[in-house]
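Asker: Dropping a structure here in structure tokens format, bear with me for questions.
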């Protein structure tokens, strides 16, 4: 399901995605999906300050950020544009 969702979103080989997830099954499934597609993934620490997360997102320029509805509220708003 995650693989098809990433593919439908236009995520391709050699692109980058950010994972804003806690240590959970969703994280493992998302890592596996990234490997299946051939894209790179960057796990973001959900406990990092918003400024640090924004800086990292600006540097890696991910094509997508994978998160959960519960964590989406704590993701810096600037990252969602």
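Numbering (UniProt numbering), first residue to last: 1 to 81. Glycine residues also receive a C-beta, built at the ideal position from the N, C-alpha and C atoms.
In three-state DSSP terms, what is residue 55?
Answerer: If you number the chain shown from 1, residue 55 lands on position 55. Of the three classes helix, strand and coil, the one that applies to residue 55 here is helix, per DSSP.
Asker: Ignore the nearest five residues each way along the sequence and tell me which others in residue 15's own chain have a CB closer than 6 Å to its CB.
Answerer: By 1-based counting over the chain shown, the position of residue 15 is 15. Cβ within range, chain order: 39 and 63.
Asker: From the DSSP output, in three-state form, read off residue 61 for me.
Answerer: The count along the chain shown starts at 1 and reaches residue 61 at position 61. Coil.
Asker: Checking the sheet assignment: what are the DSSP bridge partners for residue 137?
Answerer: There is no way to answer for residue 137, as the model of the chain reaches only from 1 to 81.
Asker: Do you know how far the Cα of residue 18 is from the Cα of residue 44?
Answerer: Against the chain shown, residue 44 aligns to sequence position 44. Against the chain shown, residue 18 aligns to sequence position 18. Whole-angstrom Cα-Cα distance: 7 Å.
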